[in-house]
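Enquirer: Residue numbering for the sequence shown follows numbering that gives the first Met the number 0, starting at 0 and increasing by one per position.
Each residue gets a CB set at the ideal place from its N, CA and C atoms; glycine is no exception.
Computed from a predicted model, the values in this text were never measured in an experiment.
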Amino acid sequence: MGILGLAALMMLSASPERMEAQAINTGVALSAMWLVASQPPQRLHSFALPLYLLGVVLLIAVKLFGEVSKGAQRWLDIGITRIQPSELMKIAMPLMLAWYFQKREGSLQVRDFLVAALLLAMPVALILKQPDLGTALLVLSSGLFVIYFAGLSWKLIVPVVMLALIGVSAILVYQQDICVPDLKWPGLHDYQKHRVCTLLDPSSDPRGKGFHTIQSTIAIGSGGVLGKGWRDGTQTHLDFLPERHTDFILAVISEELGLIGVIGILLLYCLLIARGLMIAANAPNLFSRLLAGAITMIFFTYAFVNMGMVAGILPIVGVPLPMISYGGTALVTLCLGCGILMSIQGQRRRA
């Protein structure tokens with residue numbers, strides 16, 4: 000509730016005209032959290048496979064019949080409203096993998112991890128095709144956390160980490176050669192390549208793709224330790240800071256509340272994550288442990304990616320600050336995650 004209270008305070012500053020809509024979003028999200036929290040984990044277990052299959056079918060439907068908006072095909076018109084099926088997979092993916100490993104408990108082998116990887120790869124590939132790199136990253140991380148907590152060997156993890164480090168190092172060393180306009184990056188769209196290249200040198204396009212990063216870092220730096228004061232941020236209220244109510248609301252907090260405000264947010268997130276990991280550690284069965292651990296680490300991934308993006312150390316991928324950024328879909332998803340944690344904790348108390 001402390002995070003939601005801070006979210007309301009900062010929304011009043013960043014975008015007061017959206018307060019009514021965000022209050023409705025918050026009410027819907029809290030209702031969904033209460034509904035899920037009142038269900039026993041056994042019922043969540045029974046929903047895992049149907050929810051996953053529904054999510055995959057809807058993602059295929061988006062590919063075939065989805066609406067195109069701003070160059071991306073992410074929405075599906077079902078008559079009464081439009082839905083974004085990729086958001087469903089943020090919850091369905093860890094549910095499915097926790098269900099799968101629960102079924103294989105006591106007899107896990109390498110092929111079981113390969114099957115889990117295939118179950119994860121299918122929806123991630125469909126989401127990348129939309130394209131939606133931010134959501135694909137969140138769905139991928141939620142599945143990888145389940146696979147890791149299920150007992151994936153370090154012998155398989157270390158080579159992947161080493162390859163990633165080598166790739167990042169190569170980009171940094173050969174930045175001037177690979178960021179030329181005519182060079183295509185395999186597996187990535189042009190706008191994704193531009194985001195990475197702009198991250199390496201925002202001044203290369205200060206009025207275009209580098210504008211977000213430059214204005215965000217100015218806002219963060221100008222706040223200092225104590226900040227300029229609530230509703231007194233110049234970058235925010237003189238309209239220099241884009242997307243100030245959604246992806247870049249952390250820059251608003253940093254400018255107006257300073258380093259103290261940012262540390263306060265970090266403490267709230269650390270308390271939430273620590274509580275979630277405690278629930279996972281004390282869960283009564285493998286399904287609940289894997290699910291609680293993955294849901295908790297989703298909060299970490301949201302916060303880490305958003306803060307890195309706003310600070311200019313990660314590419315801009317459209318990941319909101321958890322439970323603070325404006326928007327209904329992400330807020331409902333995260334509150335559903337909180338409801339799942341509460342359901343698992345409630346089962347332990349009843350036991």
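Let me make sure I understand the geometry here. Which of Tyr325, Met161, Pro93 and Gly133 has the alpha-carbon closest to that of Tyr147?
Expert: Within the sequence shown, numbered from 1, the residue matching residue 147 stands at position 148. Nearest option by C-alpha distance: Pro93.
Enquirer: Just to check my reading of the structure: Tyr99 and Leu118 have Cβ atoms closer than 8 Å, yes? What is that Cβ distance to the nearest angstrom?
Expert: To locate residue 99, count along the sequence shown from 1; it is residue 100. To locate residue 118, count along the sequence shown from 1; it is residue 119. Yes, Tyr99 and Leu118 are in contact; Cβ-Cβ is about 7 Å, under 8 Å.
Enquirer: Going by DSSP, what residue range makes up the alpha helix (DSSP H) through Ala71?
Expert: For the purposes of this step, residue 71 is identified with residue 72 of the sequence shown, where counting begins at 1. It is not in any alpha helix (DSSP H) - Ala71 instead sits in the beta strand (DSSP E) that spans Ala71 to Asp76.
Enquirer: Nearest CA to the CA of Thr233: which residue from Ser253, Thr245 and Asp246?
Expert: Taking the sequence shown and counting its residues from 1, the one referred to as residue 233 is at position 234. When only C-alpha atoms are compared, the closest one is Ser253.
Enquirer: In three-state terms, what does DSSP make of Val309?
Expert: Position 310 of the sequence shown, counted from the first residue, corresponds to residue 309. In the structure shown, Val309 sits in a helix (DSSP, three-state: H, G or I).
Enquirer: Measure the CB-CB distance between Asp246 and Ile315 and report whether it falls below 9 Å.
Expert: Stepping through the sequence shown from its first residue, residue 246 is reached at position 247. Stepping through the sequence shown from its first residue, residue 315 is reached at position 316. Yes; because the gap between Cβ atoms is below 9 Å, this pair is in contact.
Enquirer: Just verifying my parser: in three-state terms, what is the DSSP assignment at Ile82?
Expert: Locating residue 82 in the sequence shown gives position 83, where the first residue counts as 1. Strand at Ile82.
Enquirer: Just to confirm, are Ala28 and Gly327 a CB contact at a threshold of 9 Å?
Expert: As a first step, residue 28 is located in the sequence shown; it is residue number 29 there, counting from the start. As a first step, residue 327 is located in the sequence shown; it is residue number 328 there, counting from the start. Yes. Within cutoff.
Enquirer: Using the Cβ count rule (16 or more neighbours within 10 Å means buried), how would you classify Gln41?
Expert: Translated into positions along the sequence shown, residue 41 becomes position 42. Label assigned to Gln41: exposed.
Enquirer: Note down, one range per segment and in chain order, each alpha helix (DSSP H) of at least 4 residues found wholly within the region 277-330.
Expert: 285-310, all fully within the region 277-330.
Enquirer: For Pro321, collect the residues of the same chain with a Cβ closer than 8 Å to its Cβ; drop the 5 residues on either side in sequence, then sort them by chain order.
Expert: Counting from one through the sequence shown, the residue named residue 321 turns up at place 322. Same-chain partners within the cutoff: Ile2, Tyr268, Phe298, Tyr301, Ala302, Asn305, Ala329 and Leu333.
Enquirer: Is the Cβ-Cβ distance between Ala47 and Met0 less than 9 Å?
Expert: As a working mapping, residue 47 is identified with position 48 in the sequence shown. As a working mapping, residue 0 is identified with position 1 in the sequence shown. Their beta carbons are not under 9 Å apart, which means Ala47 does not touch Met0 by this criterion.
Enquirer: Checking 9 Å against the spacing of the C-beta atoms, do Ala13 and Ile217 come in under that value?
Expert: In the sequence shown, counting from the first residue as 1, residue 13 sits at position 14. In the sequence shown, counting from the first residue as 1, residue 217 sits at position 218. Cβ atoms of Ala13 and Ile217: not closer than 9 Å.
Enquirer: What are the start and end residues of the alpha helix (DSSP H) that includes Met121?
Expert: Numbered from 1 along the sequence shown, position 122 holds the residue referred to as residue 121. Start and end: Val109 to Leu127.
Enquirer: Tell me whether Glu254 sits in a helix, a strand or coil according to DSSP, three-state version.
Expert: Position 255 of the sequence shown holds residue 254. Of the three classes helix, strand and coil, the one that applies to Glu254 here is helix, per DSSP.
Enquirer: What three-state label does DSSP hand Val224 in the structure shown?
Expert: The sequence position of residue 224 within the sequence shown is 225, counting from 1. Val224: coil per DSSP, three-state reduction.
Enquirer: Any idea if Glu66 is buried or exposed, counting beta-carbon neighbours within 10 angstroms, 16 or more meaning buried?
Expert: Along the sequence shown, read from residue 1 onward, the residue named residue 66 stands at position 67. With fewer than 16 Cβ atoms within 10 Å of its Cβ, Glu66 is classed as exposed.
Enquirer: Apart from the five residues just before and just after Gln83, which ones in its own chain have a Cβ nearer than 7 Å to its Cβ?
Expert: By one-based count along the sequence shown, residue 83 stands at place 84. If we look at Gln83 and ignore the five residues flanking it on each side, its Cβ neighbours are Arg73, Trp74 and Thr328.
Enquirer: Closest by CA to His358, which one among Val224, Ala250, Cys337 and Gly223?
Expert: The chain is shown only over 0 to 350; residue 358 falls outside these bounds and no answer can be derived.
Enquirer: Taking just the CA atoms, how far does Leu266 sit from Val224?
Expert: Counting from 1 along the sequence shown, the entry for residue 224 is found at position 225. Counting from 1 along the sequence shown, the entry for residue 266 is found at position 267. About 16 Å.
Enquirer: Could you check whether the region 152-166 touches the region 130-143, counting it as contact only if at least three pairs of C-beta atoms, one from each stretch, sit closer than 8 Å?
Expert: With a cut-off of 8 Å, the region 130-143 and the region 152-166 do not count as touching, because too few Cβ pairs lie within range.
Enquirer: Can the beta-carbon of Ala97 be found closer than 9 Å to that of Phe286?
Expert: Counting from 1 along the sequence shown, the entry for residue 97 is found at position 98. Counting from 1 along the sequence shown, the entry for residue 286 is found at position 287. Yes.
Enquirer: Could you name the residues of the same chain whose beta carbon sits closer than 8 Å to that of Ile126, not counting the 5 residues immediately before and after it, in chain order?
Expert: Here residue 126 refers to the residue found at position 127 of the sequence shown. Same-chain partners within the cutoff: Leu58, Ser85, Met88, Thr134, Ala135 and Val138.
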